[in-house]
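**Q** Residue numbers (the working numbering): 8 to 116.
All C-beta atoms, glycine included, are put in the ideal place defined by N, C-alpha and C.
If you're wondering where the values come from, they're calculated on a predicted model, not measured in any experiment.
Submitted below is the structure of interest, expressed as structure tokens.
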């Protein structure tokens with residue numbers, strides 16, 4: 008069960024990074040040249056995917072899901088996108104958080 012939850016967490020983080028990449032490709036402006044969310048989510052996916060011996064590595068997926076959700080909520084255009092009928096960009100990442108919680112719960116410590 009742990010490996011499947013870890014795989015879902017990694018998949019959710021990668022899909023979240025792809026979603027941010029889609030926003031970037033569509034012309035959404037970001038404060039720097041490469042959106043930091045892409046780099047952060049992909050680095051988190053690497054930690055979760057390759058950090059099998061660390062008991063805390065699944066928690067990285069949970070914290071990154073929270074990071075993206077809070078970032079969307081405090082963004083000036085976040086709530087406006089939701090009321091305009093667009094799906095929030097953090098939906099895949101939010102869905103990747105619960106397997107991370109399960110993996111952290113049942114990881115050997």
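#1: How is residue 36 classed by DSSP in three states: helix, strand or coil?
#2: Using CA coordinates, which residue listed in 71, 84, 47 and 68 is at the minimum distance from residue 28?
#3: Just verifying my parser: in three-state terms, what is the DSSP assignment at residue 68?
#4: Taking only three categories from DSSP, how would you classify residue 120?
#5: Would you report the Cα separation of residue 56 and residue 74, rounded to the nearest angstrom?
**A** Let me lay it out:
#1: coil
#2: 47
#3: helix
#4: This structure leaves residue 120 out entirely; the chain is present only between 8 and 116.
#5: 19 Å
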